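Taking it in order: structure first as structure tokens, then the write-up.
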Amino acid sequence: MNSKYQRGMKVIPTGERKCLWMEAGVVSYKLCTNQYQCSICDYDRAMSNRVMKERKIAEESVDIITPKKEINVWVEEFRHLPADQRKCRYMLMGEVPYKICPNSFRCGECSFDQMMQDRKQPAFDYSVKNYEKVAGVYMYDELQYFRNHTWLQLERNGKYRIGIDDFARRIIGKIDGIELSAVGKNLDFEEYCLTIHHEYGDLELFSPVKGIVDSINQEMLDNVNLIIDEPYQGGWLMTIDPISVTKSNKNLLKGDEAKAWMIEETNLLSKTLYGELGVTLADGATISAEISKNISSEKWKELVRKHLFVR
Amino acid sequence: MTDRIITIIPIGEIDSSILDFISWSIEETFRITTARLPNHNLSSEIPPPLYGNRYNSTSILQHLSEKISVNALRLLAITELDLYSPIFSTLYGEAQLNGKCALVSLHRLRQEYYNLPPDQTIFLSRFHKVVIHEIAHTFGLIHCIDKNCIMYPSSNVIDIDEKSPLFCPSCNPKLLSNI
């Protein structure tokens, strides 16, 4: 199979996007797996490093032909590429109508990129999102879920906004208070990052990602009922600047995988709350937000330990 | 010795044509004969309704398992009452996993409940799926992640309408081995 034929086979699956490096023609095929968050993308970092290294070699010895000389050539000739191969990532994402990259896709050095990242991030707007009720629990297709019933939303600036999901707020019931890790704290993966005060005892939840606490929701701290009333909106907890996105992503659930996990969680809930009749399962069920009132504190503690992995 | 029969017990007044339909439906699906008990009225032992006239389904199941003595493989109760449980705020039906009793409510299955014109075909289709789903719980099947499987947990009537009346390739062998 010749290379010309191979070029003709590059199909971009529906819903997928080309990596900037593919868009510019540097690599033949690479899809973006990171929502154009180039600043935290391991692939982009590797490619940028390679470009810098090649450029340095070329500057030191112009006569030496390196195996990757074409990358260096590309950087030098970037400005001569046609405009449709130099679309800024914000144009590709549809956030600006027209912007051509003047900077060889080196977003970390781009003033326009910095300006876009400094914009105030809008709060998660559920009214325009696709939500679905799965086994009586509200879930959003746009969100990622971690197995301790925290949700995560990857923001445009590469930070994760996190909160607790509908399942967690229903079994917790009523919150007396909350303490969050301070802004700037370096959280390891699965390090405890928040404490919820409840009448049956304190719940310590761990962080679903490794990173630095970037901000906390002050409005929610002033009114902790927001966590129960609006778990996906005003009740968000904090934003985390992730250190290792690749490692974090492996542990997060999304789409059908998340829905299947939620069904298993509701099955486990029924099994945990067995009574005199043994285990009963229900159809058409919406988990009651008053579970904690209807069960003993010991049973409730068993429930939150099994589902939220609390300490 | 337990007879290989699924006994149906109407709680309150239930249209006999609906009961005839579900008897046929159960026999077709599980290949087990059905029998029917006279209408049963709930005694005062059942807690009063809460949350806008909803009855505690777990209490009704408890009552059935203690008070109704039948020599049958399974006991299916059918009611027009709206139900809730200590864990779930609303439900169409509840059953003992690997147990004897199942309970199904007709209350939220009719189109009229959602201010839509009556449609007996849709109602019977929903009724069939909920009943088979609940009886399958008593034979040890749990909720399935396959959206087309009858054991998929419905969150609303749209979920019931969308799922198939059949068991998926994963649930079907489990059911056959447990019957």
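Here the protein sequences come in this chain order: A and B.
FYI, the numbering for the first sequence is 48 to 358, going by our numbering.
FYI, the numbering for the second sequence is 4 to 182, going by our numbering.
We treat Cβ as the ideally placed atom computed from N, Cα and C, and that holds for glycine.
This structure is a prediction, so every number in the text was calculated from the model and none was measured.
Go to residue i, then tell me how far its beta strand (DSSP E) extends in each direction, as first and last residue.
i	result
H244/A	239 to 245
D6/B	6 to 14
D330/A	327 to 330
P89/B	Careful: P89/B lies outside any beta strand (DSSP E) and carries neither H nor E.
S108/B	104 to 108
E97/B	96 to 99
Mind checking which residues open and close the alpha helix (DSSP H) that includes residue i?
i	result
R32/A	As displayed, chain A neither begins before 48 nor continues past 358, which places residue 32/A out of reach and without an answer.
R217/A	213 to 219
D276/A	272 to 276
T197/A	Where T197/A is concerned, there is no enclosing alpha helix (DSSP H), although the beta strand (DSSP E) it sits in stretches over 197 to 201.
T319/A	302 to 319
Y58/B	No alpha helix (DSSP H) holds Y58/B; the beta strand (DSSP E) holding it covers 57 to 59.
E137/B	123 to 141
F159/A	158 to 164
I338/A	338 to 341
S28/B	19 to 33
I161/B	160 to 165
K180/A	Not the alpha helix (DSSP H): K180/A falls in the beta strand (DSSP E), residues 178 to 181.
Y137/A	136 to 139
For residue i, I'd like the list of residues in its chain whose CB is within less than 6 Å of its CB, leaving aside the five on either flank, ordered along the chain.
i	result
H244/A	D223, G224
Q164/A	N204
T242/A	E226, D249, E251
L190/A	W198, Q200
K206/A	D261, T286, D288
D23/B	none
P13/B	N42, I81
E360/A	Beyond the ends of chain A as shown, which are 48 and 358, falls residue 360/A; an answer cannot be given.
E237/A	F253
R39/B	I11
Assuming residue i and residue j form a contact by the criterion Cβ under 8 Å, report the distance between their Cβ atoms to the nearest whole angstrom.
i	j	result
L106/B	T141/B	No, L106/B and T141/B are not in contact; Cβ-Cβ is about 11 Å, not under 8 Å.
I35/B	F130/B	18 Å between Cβ atoms; not a contact.
Y192/A	L300/A	5 Å
L67/B	R7/B	Their Cβ separation, rounded to whole angstroms, is 20 Å, which puts L67/B and R7/B out of contact at 8 Å.
G72/A	Q161/A	Actually they do not touch by this definition, with Cβ atoms about 26 Å apart.
T32/B	I9/B	In fact, because the Cβ distance is near 10 Å, the residues do not count as touching under 8 Å.
I11/B	L112/B	That pair is no contact at about 16 Å.
Q65/B	G325/A	Between G325/A and Q65/B the Cβ distance is about 11 Å, and since that is not below 8 Å, they are no contact.
I338/A	I218/A	5 Å
Does residue i get closer than 8 Å to chain E when you measure Cβ to Cβ?
i	result
V326/A	Annotation note: the requested chain E is absent from the structure, which comprises protein chains A and B.
From this set, the options, which residue's C-alpha is nearest residue i's C-alpha?
i	options	result
L128/A	F152/A, M140/A, V143/A	F152/A
L252/A	W347/A, K221/A, H354/A, E323/A	H354/A
G231/A	P289/A, V181/A, A336/A, E179/A	P289/A
G155/A	K77/A, Y83/A, S228/A, I287/A	Y83/A
Y247/A	V351/A, E63/A, T80/A	V351/A
C157/A	C135/A, P60/A, L139/A, A332/A	C135/A
E266/A	D303/A, K340/A, W283/A, L316/A	W283/A
L179/B	L79/B, S108/B, G143/B	G143/B
T124/B	D85/B, H110/B, D164/B, G102/B	D164/B
K340/A	G258/A, G220/A, I59/A, T80/A	G220/A
E304/A	P121/B, D162/B, I148/B	I148/B
C88/A	D330/A, W68/A, M99/A	W68/A
V133/B	S28/B, N74/B, G15/B, D18/B	S28/B
Tell me which same chain residues have a C-beta within less than 7 Å of the C-beta of residue i, skipping the five on either side of it?
i	result
L169/B	I153
V175/A	Note that V175/A has pLDDT 44, beneath the 50 cutoff, so the model's placement of it is unreliable and the number below is only indicative. Closer than 7 Å at Cβ, skipping near neighbours: no residue.
A130/A	I147
L127/B	F24
Within a Cβ cutoff of 8 Å, which residues of the same chain sit near residue i, ignoring the five residues on either side of it in sequence?
i	result
Y87/B	L53, Y54, R57, Y58, N59, S60, T93, L94
D269/A	none
G302/A	D188
Is residue i near the ligand FAD, with its Cβ less than 7 Å from a heavy atom?
i	result
I161/B	The ligand FAD is not among the ligands present in this structure, which contains no ligands whatsoever.
When the Cβ atoms of the segment 57 to 69 of chain B are set against those of the segment 298 to 316 of chain A, are three or more pairs found closer than 8 Å?
no
Quick test of the definition: if touching needs 3 or more C-beta pairs under 8 Å, does the segment 182 to 192 of chain A touch the segment 156 to 168 of chain B?
When C-beta atoms of the segment 182 to 192 of chain A are compared with those of the segment 156 to 168 of chain B, three or more pairs fall below 8 Å, so the two segments count as touching.
Touch check for the segment 265 to 284 of chain A and the segment 144 to 151 of chain A: three-plus C-beta pairs under 8 Å?
no
Any 3 or more C-beta pairs closer than 8 Å across the segment 196 to 211 of chain A and the segment 250 to 269 of chain A
yes
Spell out a yes or no on whether the segment 335 to 351 of chain A and the segment 233 to 240 of chain A are touching, meaning 3 or more CB-CB pairs, one atom from each, closer than 8 Å.
Verdict: no, contact absent.
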